[in-house]
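Going by numbering that gives the first Met the number 0, the first residue of the sequence shown is number 0, and it counts up by one from there.
We put the CB at the ideal spot given by N, CA and C, even for glycine.
None of these values were measured; they are calculated from a predicted model.
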Amino acid sequence: MISLDNISLMRGHQLLLQDVSLVLYKGQRTGVIGRNGCGKTSLFRALAGEIPLDKGDINLPSDLRWSAIAQETPGVDRSALDFVIDAHKDYRKLERQIKEAEENGDNHALGELHGEMEVIDGYDIKHRAEQLLSGLGFPEEEFSNSIKTFSGGWRVRLNLAAALICPSDLLMLDEPTNHLDLEATVWLEQWLNRYQGTILLISHDRTFLDAIIDYVVSFEKENLNLYTGNYSAFEKKRAEKMALQQAMYEKQQRRRDQIEGFVRRFRYKASKAKQAQSRLKELERMQEIAPAYIDSPFRFSFHTLDHFPTFLMQIENLAIGFDEPLVTKMNFGIRSDSRIGLLGFNGSGKSTFLKVLAAKFEKKAGEIITAKRLRIGYYAQHQVDALNKYQTPLQILKKQQKKERVMNRPLIRK
Ligand SMILES: Nc1ncnc2c1ncn2[C@@H]1O[C@H](COP(=O)(O)OP(=O)(O)OP(=O)(O)O)[C@@H](O)[C@H]1O
Ligand SMILES: [Mg+2]
């Protein structure tokens, strides 16, 4: 059981949680939900004892074994496989002890240590580490590569594999699917569904959450609210709660207006003074209901176009790639109502294909026939790299809008 007793948590000058109490039971699989910056990661760090609380206590069973994804990978020369196995501290310890006992010829100790090794399934650990690496998308020939040689996204996967192999009763996963492709995500989902312990999961991926969790803890105005059910059930309940709160707020506002109107009209009329008094009292007694509050007040809508062509693109015998082609002989059309998902292994050419369509990269062969004056919105995989670091968000958007204005004429001339 994990219990938060009246905790308050601050980061910098920002109050993230105030007087929050919450109990999570053994085996509960809980999604931790809230807008960016509300304090989800900070809560995990507080649970791990890495940052102090400003008030209150977190109580965890003293023998609780917890595991979390490390944020950094050490810059050491260690093979991927060994790095993952290192996370199983008990295994490494027994391995050392067995080696010592062998060197000392201590057969009695050896017998005991081998017994302990069996209990923790230690003889199977290499196989389990390999399975984790494969599941997370590492090709077998890379298992023995040094962790230093892996790029950032792959190091995150290494840390994830390490978190999973480490024996635990509580698994804290902070956005574990961020660097995973679809296949690795599906694999992780299956792995977590077989996991026996308690799970705390931060994710912005609703499908993934839905498949794993049976409870939601939601950050709402410096408080944590617990909901039963998965993310979809939570959304439904929250929408109902907000609709009810909004209806009560509106009802209260109507009553307030009525009373204030009555008092204004009859305040100086002797026959109604008593009634006015009692209504004023009612007004004072009213507990103020806040309007339903949506965490993100963000609204966005696309401009509707008056005219647009039915066929946007026709792709004929297209080949894409670098020195070697990645894909050849692509033939298909894209209509204005097409909604196409691109699937494929890492490195199979999905991003290159989009770059070619968006005219950011040369095609190798073939034709792309586009509708007249077609405008393409393009969001890159590493869009952050495309941003000018020295401009403010507003400057970037204004520049974009200026470009749009120049082009913003109907697609088809009448
Ligand atoms: N070391 C720090 N010192 C001061 N403030 C911090 C520190 N780390 C985080 N914060 C602030 O605390 C707040 C909560 O951050 P946190 O990373 O916990 O949010 P989060 O819910 O995990 O957000 P996201 O969804 O973006 O991951 C943010 O406003 C952040 O700027
Ligand atoms: Mg976070």
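Return the bridge partner residues of W65 from the DSSP annotation. Answer by DSSP bridge pairing, in chain order: L169.
Pairwise C-alpha distance: E366 and N316: Taking the Cα positions, N316 is about 7 Å away from E366.
So L16 packs on L8, CB below 8 Å; how close in whole Å? Rounded, the Cβ-Cβ distance is 4 Å, consistent with contact.
May I ask you to verify whether the stretch 98 to 109 touches the stretch 154 to 166, counting CB pairs closer than 8 Å and requiring at least 3? Contact fails: fewer than three Cβ-Cβ distances are below 8 Å.
Cβ-based neighbour list, D209, same chain, cut-off 7 Å, excluding 5 preceding and 5 following: Scanning its chain for C-beta atoms nearer than 7 Å, with the 5 sequence neighbours on each side dropped, one finds around D209 the residues N229, Y230 and S231, in chain order.
When DSSP labels each residue in this structure, what does T184 get in the three-state scheme? Helix, per DSSP.
Could you work out which residue in Q252, L279 and K250 is closest to R263 when comparing CA atoms only? Nearest to R263 by C-alpha distance, out of Q252, L279 and K250, is L279.
Mind checking whether the beta-carbon of T29 lies closer than 6 Å to any heavy atom of ligand 2? No, the beta carbon of T29 sits no closer than 6 Å to any heavy atom of ligand 2.
CB T309 to CB S335, shorter than 7 Å? For the 7 Å CB-CB criterion, T309 and S335 form a contact.
Within 7 Å of ligand 4: residues by beta-carbon to any heavy atom: Annotation note on ligand 4: not contained in the displayed structure, which lists ligand 1 and ligand 2 as its ligands.
Can you check the stretch 321 to 371 for any beta strand (DSSP E) of at least 3 residues that lies completely inside it and give the ranges in chain order? The qualifying runs are 324 to 334 and 364 to 369.
Counted within 10 angstroms of its Cβ, other Cβ atoms place L181 as buried (16 or more) or exposed: Exposed: under 16 other Cβ atoms inside 10 Å.
Beta-ladder partner(s) of A318, from DSSP: Its beta-bridge partners are A364.
Let me make sure I understand the geometry here. Which of I6, I1, M0 and S2 has the alpha-carbon closest to that of N222? Sorting I6, I1, M0 and S2 by C-alpha distance to the C-alpha of N222 places I6 at the top.
Quick one: what does DSSP say L23 is sitting in, helix, strand or coil? In this structure, L23 counts as strand in the three-state DSSP scheme.
Examine ligand 1 and report whether any of its heavy atoms sits within less than 6 Å of the Cβ of N35. For N35, the distance from the CB to the nearest heavy atom of ligand 1 is below 6 Å.
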